[in-house]
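**Q** In order, the protein sequence lines correspond to chains A and B.
Using my numbering, the first residue of the first sequence is number 1325, and each one after it goes up by one.
Using my numbering, the first residue of the second sequence is number 506, and each one after it goes up by one.
Glycine included, every Cβ here is placed at the ideal spot set by N, Cα and C.
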Amino acid sequence: MLQEAQSVASGISGADIVAAAKYIAAGICMGIGAIGSAIGEGIAAAHALDGMARQPEMQGALLRTMVLGQAITETTGIYSLLVAIVLLFVV
Amino acid sequence: MHEIFSQLAGLLTHLGEKPILVIPLLGGEIRVDWMTILMSWTVMTIIIVIALFLRRSLRQPVEEKPTRVQATLDALIDLLQGQLSSNFSSEELARMMFPFVSTLFLYVLVSNWIGIVPYLTSPTQDLNVTFGLALLVFFLSHWLAMRKKGIRRYLRGFAEPYAFMVPINLVGELAKPLSHAFRLFGNVLAGSILTTVVMAKIFPLAVPAGLNIIFGLFFGGIQGFVFAILAVAYINVAVES
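(1) Between I734 (chain B) and chain A, is any beta-carbon pair separated by less than 7 Å?
(2) Using 10 angstroms around the beta-carbon of R652 (chain B), count the other beta-carbons present and answer buried if the total reaches 16, otherwise exposed.
(3) Using three-state DSSP, classify V1415 (chain A) as helix, strand or coil.
(4) Checking contacts by CB at 7 Å: is A1395 (chain A) closer than that to chain B?
(5) Tell me which residues share the same chain as F603 (chain B) and place their Cβ nearer than 8 Å to its Cβ, disregarding the 5 neighbours each side in the sequence.
(6) In its own chain, which residues sit with a C-beta less than 6 Å from the C-beta of V527 (chain B), not counting the 5 before and 5 after it?
(7) Taking the beta strand (DSSP E) that G533 (chain B) belongs to, which residues open and close that run?
(8) Per the DSSP calculation, L609 (chain B) is bridged to which residue(s)?
(9) What residue range does the alpha helix (DSSP H) around D1340 (chain A) cover?
(10) For I1402 (chain A), return the contacting residues in chain B, with the cut-off set at a CB-CB distance below 7 Å.
(11) Measure the alpha-carbon distance for E1381 (chain A) versus P672 (chain B) and round it to whole angstroms.
(12) Could you tell me which residues DSSP puts in a beta bridge with P529 (chain B)?
(13) Using a threshold of 7 Å, state whether the C-beta atoms of N617 (chain B) and V737 (chain B) are closer than that.
(14) Evaluate R688 (chain B) with the Cβ neighbour count: other Cβ atoms within 10 Å of its Cβ, from every protein chain shown; 16 or more gives buried, anything less gives exposed.
(15) Helix or strand or just coil, what does DSSP make of V1410 (chain A)?
(16) Exposed or buried, I1402 (chain A), counting other C-beta atoms within 10 Å across all chains shown (16 or more means buried)?
(17) Use the C-beta contact count for G1338 (chain A): other C-beta atoms within 10 angstroms, 16 or more gives buried, fewer gives exposed.
(18) Express the C-alpha separation of A664 (chain B) and L675 (chain B) in angstroms, rounding to a whole number.
(19) Thinking just about the alpha-carbon of each residue, which of A:K1346, A:T1399, A:T1389 is nearest to the one in A1362 (chain A)?
(20) What does A695 (chain B) touch in chain A if you count any residue whose Cβ is under 7 Å from its own?
(21) When Cβ atoms are compared, which residues of the segment 1375 to 1394 of chain A fall closer than 9 Å to chain B?
(22) Quick check on DSSP: helix, strand or coil for L1387 (chain A)?
(23) If you follow the alpha helix (DSSP H) that P672 (chain B) is part of, which residue opens it and which one closes it?
(24) Let me make sure I understand the geometry here. Which of B:V622, B:T541, B:V742, B:P529 has the alpha-carbon closest to that of G721 (chain B)?
(25) Verify the CB distance criterion: does V613 (chain B) have a CB-CB separation below 7 Å to chain A?
(26) Taking G1366 (chain A) as the reference, give the member of A:I1341, A:A1329, A:Q1394 with the closest Cα.
(27) Between B:P529, B:Q575, B:T608, which lies nearest to I553 (chain B) when the distance is taken from Cα to Cα?
(28) Is there a Cβ from chain A that is less than 7 Å from the Cβ of H519 (chain B)?
(29) Answer yes or no: does any C-beta atom of chain A fall closer than 7 Å to that of S684 (chain B)?
(30) With a threshold of 16 other CB atoms inside 10 Å of the CB of Y624 (chain B), please say whether the residue is buried or exposed.
(31) So P713 (chain B) is in the alpha helix (DSSP H); what residue range does that whole segment cover?
(32) Nearest CA to the CA of P666 (chain B): which residue from B:S746, B:W648, B:D579, B:V606?
(33) Could you check the C-alpha separation between E1328 (chain A) and L632 (chain B) for me, to the nearest Å?
Quick look at the structure:
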């Protein structure tokens, strides 16, 4: 058992470990990075809906401002996406 | 896995993998991606040809009954004015900036939408294009601010509310074009990578078409609108604050 594990371990090169770490890091980066922007966009949409339900005549302005705010909130998610892409394809 | 990555490598030329044309210049070199330039000119040609085609139906006295094309164009201009340039705080600035921001919107919109045609790539999928557009907005907003406020009041604006805030304000100003460019680039690139992966590996026919509709048409439209409205917001903040 131990000898088997050792023989498998001796077959793993440094490049394999780097490749594995790259994929794991990209997954963690994208997964955790998406949490913040998702929660933020949800909060923005919820409050915009709240406002629209209260004042339906303000719908156009609220929708525009909501999309703008969500696009800015999304920036952090996009940054983590870029880091993940760089990890996968460039590193 | 490797086939997907070799297919994706074609999408990722702008990350420094495959410069198509290298021009030596003063010790350094300029790297040019032919595909981006070609697609950028294609987008410009499409917009210009459509504009010239639509313009033919406008040649008539104003007092006559407008044609259908003219009424549609009126509605489009009204929509752009209501959604984009009504966000400027002064009427004069809105009138001056309306052609610029609506051109920005149309260019980004057609650039995003052209990516749904197979074998064509969006020019906005290249960071250089989006960064160029963002820098255009950045320099325009600061130039307008300098012209409106005068150089002394413009420079004093960086020291507000307190003098020790100058570095923070400078970083904030420099982060604007960065996030402006990366937002559009990241969204368009993510959509095209996702569509390519699904098309290459999972479902060949129907699902990529649906993804194309969602990412190309819907998100492309939203991102074009967001890009233009952020340009409006940046110019407005720089000039009026």
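**A** This is what the structure gives:
(1) yes
(2) Classification for R652 (chain B): exposed.
(3) coil
(4) yes
(5) L585, Q586, L589, S590
(6) Cβ neighbours of V527 (chain B) beyond the five flanking positions: E534, R536.
(7) Taken as a continuous stretch (DSSP letters only), the beta strand (DSSP E) holding G533 (chain B) covers 533 to 537.
(8) Looking at the DSSP assignment, L609 (chain B) forms no beta bridge with any residue, so it has no partner.
(9) 1338 to 1378
(10) F687, R688, G691, N692
(11) 42 Å
(12) B:E534
(13) Cβ distance not < 7 Å, so N617 (chain B) and V737 (chain B) don't count as in contact.
(14) buried
(15) Of the three classes helix, strand and coil, the one that applies to V1410 (chain A) here is helix, per DSSP.
(16) Counting C-beta atoms within 10 angstroms of its own C-beta, I1402 (chain A) has 16 or more neighbours from the protein chains shown and is therefore classed as buried.
(17) exposed
(18) 10 Å
(19) The candidate whose alpha carbon is nearest that of A1362 (chain A) is A:T1399.
(20) L1405
(21) G1384, R1388, V1391, L1392, Q1394
(22) helix
(23) Per DSSP, the continuous alpha helix (DSSP H) segment holding P672 (chain B) begins and ends at 671 to 702.
(24) Closest option to G721 (chain B), Cα to Cα, is B:V622.
(25) no
(26) A:Q1394
(27) Comparing Cα-Cα distances from I553 (chain B) to each of B:P529, B:Q575, B:T608, the minimum goes to B:T608.
(28) With a pLDDT of only 43 at H519 (chain B), under 50, the local geometry of the prediction cannot be trusted, and no value is derived from it.
(29) yes
(30) Exposed.
(31) 711 to 716
(32) B:S746
(33) 49 Å
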